[in-house]
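Here the structure comes first, spelled out in structure tokens, and everything after it is commentary.
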Amino acid sequence: MASELCKTISVARLEKHKNLFLNYRNLHHFPLELLKDEGLQYLERLYMKRNSLTTLPENLAQKLPNLVELYLHSNNIVVVPEAIGSLVKLQCLDLSDNALEIVCPEIGRLRALRHLRLANNQLQFLPPEVGDLKELQTLDISTNRLLTLPERLHMCLSLQYLTVDRNRLWYVPRHLCQLPSLNELSMAGNRLAFLPLDLGRSRELQYVYVDNNIHLKGLPSYLYNKVIGCSGCGAPIQVSEVKLLSFSSGQRTVFLPAEVKAIGTEHDHVLPLQELAMRSLYHTYHSLLKGGQLLVLWLTAAPPSVCRLLTC
């Protein structure tokens with residue numbers, strides 16, 4: 001296997017290959033042949049998926065200076081080293097399905113980066129420097145342990161697709177609403193209780209997915225004309241526990257939808273419609289009446305329910 005690997009890399013060096021596939025090689029260490037002498041100066045795309053790598057070499061950028069795409073999906077990498085920031089031409093970085101706990105701040109130096117995939121790791125936070133990625137179009141950080149998103153994320157002016165499914169987010173930074181190019185936002189399977197009221201105000205944002213956020217009770221009005229995924233949101237309603245509300249007219253009784261009772265319970269203080277109407281009537285007359293005598297005359301003719309209201 002080692003000789004075959006060396007032969008593959010040697011051929012790529014001699015023939016100045018731009019693409020090199022080293023997937024499924026059971027690699028535990030970064031191949032030294034890739035870093036030998038001047039490295040592979042012409043290599044632009046390196047595929048090393050489904051191996052057992054635990055780290056990356058510090059001289060990676062020096063030996064592979066023209067690398068544009070780096071695919072490290074499904075390895076055992078724990079830390080993204082500082083050296084990653086020297087790959088100045090890198091446009092696509094895939095570190096999904098690793099054991100990442102930390103992303104170094106130097107990732108913000110990848111000014112040409114367009115696609116960053118960090119899904120299915122163990123990240124608890126992202127460095128603020130992610131906001132320096134002005135060309136970033138795709139960010140996938142789903143299935144991690146994130147409690148929040150970096151405030152500077154709104155500075156990723158080219159970001160179009162943001163996926164943060166299956167994390168531990170309680171809220172979404174309001175600055176996220178300022179992303180001018182965001183077209184699709186997916187936050188399914190988190191712990192969101194509310195969303196920023198401005199979310200969806202941008203015309204560019206067309207797809208929003210917040211499925212399976214059981215604490216989420218409502219959506220901002222700007223999202224009502226978007227493509228929304230919100231199944232599994234809100235506490236489930238147990239119809240059998242509470243009698244359905246209804247109203248009757250003559251011999252006909254119409255039951256209201258079960259969701260209506262979710263607005264309040266019998267222990268909540270809800271004003272009857274009659275009292276609400278009387279309060280509105282009182283405020284209307286009060287603005288028109290000028291003088292205590294007129295008020296007394298009005299009270300004399302007012303219904304008893306209004307008099308009781310005014311004496312409370």
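Numbering-wise (full-length UniProt numbering), the sequence shown opens with residue 1 and increments by one. Idealized CB from N, CA, C, for every residue including glycine.
- Task: Return the first residue and the last residue of the alpha helix (DSSP H) that R174 is part of.
- Result: Walking along the sequence shown from the start, residue 174 turns up at place 174. Run containing R174: none; DSSP gives neither H nor E here.
- Task: May I ask which residues mark the beginning and end of the beta strand (DSSP E) holding C92?
- Result: Looking up residue 92 in the sequence shown gives position 92. Where C92 is concerned, the enclosing beta strand (DSSP E) stretches over C92 to D94.
- Item | Any non-hydrogen atom of the ligand HEM closer than 7 Å to V11 Cβ | The ligand HEM is not among the ligands present in this structure, which contains no ligands whatsoever.
- How would you label Q91, buried or exposed, when you count the other beta carbons within 10 angstroms and need 16 or more for buried? Looking up residue 91 in the sequence shown gives position 91. It counts as buried.
- Message: In the DSSP assignment, the alpha helix (DSSP H) including V11 goes from what residue to what residue?
- Response: Start at 1 with the first residue of the sequence shown, and residue 11 comes out as number 11. Its alpha helix (DSSP H) spans residues A2 to L14.
- Message: Checking 8 Å against the spacing of the C-beta atoms, do R168 and N183 come in under that value?
- Response: Numbered from 1 along the sequence shown, position 168 holds the residue referred to as residue 168. Numbered from 1 along the sequence shown, position 183 holds the residue referred to as residue 183. Their beta carbons are not under 8 Å apart, which means R168 does not touch N183 by this criterion.
- Grouping DSSP H, G and I as helix and E and B as strand, with all else coil, what is H17? The residue you call residue 17 lines up with position 17 of the sequence shown. Here H17 sits in coil by DSSP.
- Can the beta-carbon of Q41 be found closer than 8 Å to that of P65? For the purposes of this step, residue 41 is taken as the residue at position 41 of the sequence shown. For the purposes of this step, residue 65 is taken as the residue at position 65 of the sequence shown. Yes.
- Message: What would DSSP say about T265, mapped onto helix, strand or coil?
- Response: Residue 265 sits at position 265 when you count from the first residue of the sequence shown. Summary for T265: the model assigns pLDDT 45, below 50, so the residue's position carries little reliability, and this model does not support an answer.
- Query: Exposed or buried, which one is Y224 when buried takes at least 16 other CB atoms within 10 Å?
  - Reply: Position 224 of the sequence shown, counted from the first residue, corresponds to residue 224. Classification for Y224: exposed.
- Message: So, at 7 Å on beta carbons, what are the nonlocal neighbours of L159 in its own chain, with the 5 sequence-adjacent residues on each side left out?
- Response: On the sequence shown, position 159 is the one that residue 159 refers to. If we look at L159 and ignore the five residues flanking it on each side, its Cβ neighbours are L136, Q137, L139, L179, S181 and L182.
- Cβ-Cβ separation, C104 to E69 (assumed contact under 8 Å), whole Å: For this step, residue 69 is matched to residue 69 along the sequence shown. For this step, residue 104 is matched to residue 104 along the sequence shown. Taking the Cβ atoms as the reference, E69 lies roughly 20 Å from C104, outside the contact range of under 8 Å.
- Message: Ignoring anything shorter than 3 residues, give me the beta strand (DSSP E) runs that lie fully in the region 38 to 109, in order along the chain.
- Response: Considered as a whole, the region 38 to 109 harbours 45 to 47, 69 to 71 and 92 to 94 as its complete beta strand (DSSP E) runs of no fewer than 3 residues, in chain order.
- Query: L60 to K134, Cα distance in whole Å?
  - Reply: Counted from its first residue, the sequence shown places residue 60 at position 60. Counted from its first residue, the sequence shown places residue 134 at position 134. Going by the C-alpha atoms only, they are around 23 Å apart.
- Message: Considering only the alpha carbon of each residue, which of L176, D165 and T163 lies closest to R152?
- Response: The residue given as residue 152 occupies position 152 in the sequence shown. Comparing Cα-Cα distances from R152 to each of L176, D165 and T163, the minimum goes to L176.
- Message: C233 and L205 - do their beta-carbons sit closer together than 8 Å?
- Response: Taking the sequence shown and counting its residues from 1, the one referred to as residue 205 is at position 205. Taking the sequence shown and counting its residues from 1, the one referred to as residue 233 is at position 233. In this structure, C233 does not lie closer than 8 Å to L205 by Cβ.
- Which residues bound the beta strand (DSSP E) around E184? Residue mapping note: residue 184 aligns to position 184 of the sequence shown, counting from 1. Segment E184 to S186, the beta strand (DSSP E) holding E184.
- Item | Contact set for L35: own chain, Cβ-Cβ below 7 Å, skip 5 residues either direction | Counting from 1 along the sequence shown, the entry for residue 35 is found at position 35. Within the same chain, L35 has close Cβ partners P57, N59 and K63.
- Message: For A258 and L199, I'd like the C-alpha separation in whole angstroms.
- Response: Here residue 258 corresponds to residue number 258 of the sequence shown, with the count starting at 1. Here residue 199 corresponds to residue number 199 of the sequence shown, with the count starting at 1. In this prediction, A258 scores a pLDDT of 49, lower than 50, which makes its location untrustworthy; no coordinate-derived value is stated.
- Query: Looking at L100 and V80, is the spacing between their C-beta atoms short of 8 Å?
  - Reply: Sequence index remark: in the sequence shown, residue 80 carries index 80 (1-based). Sequence index remark: in the sequence shown, residue 100 carries index 100 (1-based). Going by C-beta atoms, V80 is nearer than 8 Å to L100.
- Message: Taking its Cβ as the centre, do 16 or more other Cβ atoms sit within 10 Å of E38, making it buried, or is it exposed?
- Response: For the purposes of this step, residue 38 is taken as the residue at position 38 of the sequence shown. So E38 counts as exposed.
- Item | Alpha-carbon to alpha-carbon, T54 and H102 | Along the sequence shown, read from residue 1 onward, the residue named residue 102 stands at position 102. Along the sequence shown, read from residue 1 onward, the residue named residue 54 stands at position 54. Here residue 102 turns out to be Ile, not His, going by the sequence shown. If you take the alpha carbons of I102 and T54, they lie about 13 Å apart.
- Message: Suppose the cutoff is 6 Å on Cβ atoms and the five residues either side in sequence are ignored; what does the same chain contact list for L95 look like?
- Response: By one-based count along the sequence shown, residue 95 stands at place 95. Same-chain partners within the cutoff: L72 and L118.
- Query: Who are the Cβ neighbours of S231 in its own chain at under 8 Å, not counting the five residues just before and after it?
  - Reply: On the sequence shown, residue 231 is found 231 positions in, with the first residue counted as 1. For S231, where only same-chain residues beyond five positions count, the Cβ hits under 8 Å are D211 and N212.
- Message: Here's the rule: buried if 16 or more other CB atoms are within 10 angstroms of the residue's CB, otherwise exposed. What is E266?
- Response: As a first step, residue 266 must be located in the sequence shown, where it is residue number 266. No answer about E266 holds up, because its pLDDT of 46 lies below 50 and its placement is not dependable.
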